[in-house]
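Read the structure below first, then the notes.
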Amino acid sequence: MSKWTAADLPDLTGRTVLVTGAGSGIGLIAAREFGRVGAHVVLGVRSPDKGRRAVAGMPGEFEVRHLDVADLGSVRSFAQAWTGDLDILVNNAGVMDVPAARTADGLDVQTATNYTGPFVLTNLLLPHLTDRVVSVTSQLHRQSRLNVDDFDWRSRRYHPMNAYRDSKLALVLFSLELQRRLTASGSRVKSVLAHPGIATTTLAAHSSANVVNRLGFLLNDPEHGALPTLYAATQDVPGNAYVGPDGLGSIKGHPTVRKPGRAGLDGTTARALWRATAALTGIEH
Ligand SMILES: NC(=O)c1ccc[n+]([C@@H]2O[C@H](COP(=O)([O-])OP(=O)(O)OC[C@H]3O[C@@H](n4cnc5c(N)ncnc54)[C@H](OP(=O)(O)O)[C@@H]3O)[C@@H](O)[C@H]2O)c1
Numbered sequence: 003m004s005k006w007t008a009a010d011l012p013d014l015t016g017r018t019v020l021v022t023g024a025g026s027g028i029g030l031i032a033a034r035e036f037g038r039v040g041a042h043v044v045l046g047v048r049s050p051d052k053g054r055r056a057v058a059g060m061p062g063e064f065e066v067r068h069l070d071v072a073d074l075g076s077v078r079s080f081a082q083a084w085t086g087d088l089d090i091l092v093n094n095a096g097v098m099d100v101p102a103a104r105t106a107d108g109l110d111v112q113t114a115t116n117y118t119g120p121f122v123l124t125n126l127l128l129p130h131l132t133d134r135v136v137s138v139t140s141q142l143h144r145q146s147r148l149n150v151d152d153f154d155w156r157s158r159r160y161h162p163m164n165a166y167r168d169s170k171l172a173l174v175l176f177s178l179e180l181q182r183r184l185t186a187s188g189s190r191v192k193s194v195l196a197h198p199g200i201a202t203t204t205l206a207a208h209s210s211a212n213v214v215n216r217l218g219f220l221l222n223d224p225e226h227g228a229l230p231t232l233y234a235a236t237q238d239v240p241g242n243a244y245v246g247p248d249g250l251g252s253i254k255g256h257p258t259v260r261k262p263g264r265a266g267l268d269g270t271t272a273r274a275l276w277r278a279t280a281a282l283t284g285i286e287h
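In terms of our numbering, the sequence shown opens at residue 3 and continues consecutively.
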């Protein structure tokens, strides 16, 4: 059987897709492809000018809106302004290995970008969702030693790569817990996970982890890195699916359904993390 590519995307005419962090990298490629097959694509970006430049001339229907996912004020304004159906939400925006810093809300920047902001955004947009939420995580969630009681790095010494690993495990726990909640409430909306393997975007450009990018031929190019997101967003996968590349170690290749790390499957931790995040952000749980 031939491998799945973006050429296999279904027609999305009449559907609305929101991609966060869609001004560059995998998010931009995913947005371009959603637009190519007819979706109305909303790019939620922290720099609207950059977003508009990125989609200028691309065939399709694109709308650029300001959204800083690390800033809960921005997330709330964005969600409050949303009207009508949202068919597919892609939580793509992310940062990796960034120095310690706090947002205006006092949150850890890396955790807020990769997990806490998407948690709030998804919860606030849920009443509009008709089809699914795709959360873009990383294989590095498998190496996390997440501390649920201090997931926002308030009492421990901050470690930039551990904060990345933890934020991506938190996203896995959130996505799977969301699916449990959707199922329990009888909703047909799905919550699914995707990861790009290792893709040669600018995510790690500033980081010591960037040494791996020198081995580019062993890695996914950004076009292939976007395929798990596109697959998870449009194919007939179960809610709670974890989609990643089919190659050795799920580093590169074409999308297939795989299993997240065991820590991601722990429902007790997921519920505790949900409660802690809801308490921190004022989301009802
Ligand atoms: N590349 C990989 O190998 C890899 C592996 C595992 C997981 N991932 C995940 O894949 C996703 C996409 O990463 P990428 O590789 O495409 O990296 P990228 O090229 O660096 O793109 C990240 C995007 O997120 C946006 N962003 C960052 N902070 C934001 C914020 N506060 N609000 C809104 N947007 C924000 C960036 O916007 P600006 O343009 O404004 O900076 C950028 O467009 C991330 O979640 C990443 O963790 C990537």
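Even for Gly, the Cβ is constructed at its ideal location relative to N, Cα and C.
Bear in mind the structure is a predicted one, so any value in this text is a computation, not a measurement.
Judged by DSSP secondary structure, ALA196 falls within the beta strand (DSSP E) whose first and last residues are 192-196. In the DSSP assignment, ALA201 forms a beta bridge with ASN222.
With respect to GLY251, ASN222 sits apart: the two C-beta atoms are not nearer than 9 Å. When secondary structure is reduced to three states using DSSP, LEU14 falls in the coil class, being assigned neither helix nor strand. By the criterion of a C-beta distance shorter than 7 Å, GLY266 is surrounded in its chain by HIS143, LEU171, VAL174, LEU175 and LEU178, once the five residues flanking it on both sides are discounted. The Cβ neighbour count for SER4, taken over all protein chains shown within 10 Å, is under 16; the residue is labelled exposed.
Taking the C-beta atoms as reference points, ALA114 is found nearer than 9 Å to ASP73. A heavy atom of ligand 1 is found nearer than 8 Å to the CB of VAL138. DSSP lists PRO247 as the beta-bridge partner residues of PRO257. Taking the Cβ atoms as the reference, ASN94 lies roughly 5 Å from GLY23, within the contact range of under 8 Å. Restricting attention to beta strand (DSSP E) runs no shorter than 3 residues, the region 94-144 encloses them at 131-138, ordered along the chain. A direct Cα-to-Cα measurement between ARG48 and TRP155 gives close to 24 Å. ARG167 and SER140 have their alpha carbons spaced roughly 8 Å apart. For LEU30, the enclosing alpha helix (DSSP H) begins and ends at 27-38. When LEU91, ILE90 and ASP110 are compared, the shortest CA-CA separation from ASP99 is found for ASP110.
For GLY269, the enclosing alpha helix (DSSP H) begins and ends at 269-283.
Placement of the Cβ of GLN145 at a distance of 8 Å or more from every heavy atom of ligand 1 is found. Its chain contains no residue whose beta carbon lies nearer than 6 Å to that of ASP51 once the 5 sequence neighbours on both sides are disregarded. Listed in chain order, the non-local C-beta contacts of GLY119 below 6 Å within the same chain comprise VAL71, ALA72 and VAL77, local neighbours out to five positions each way being set aside.
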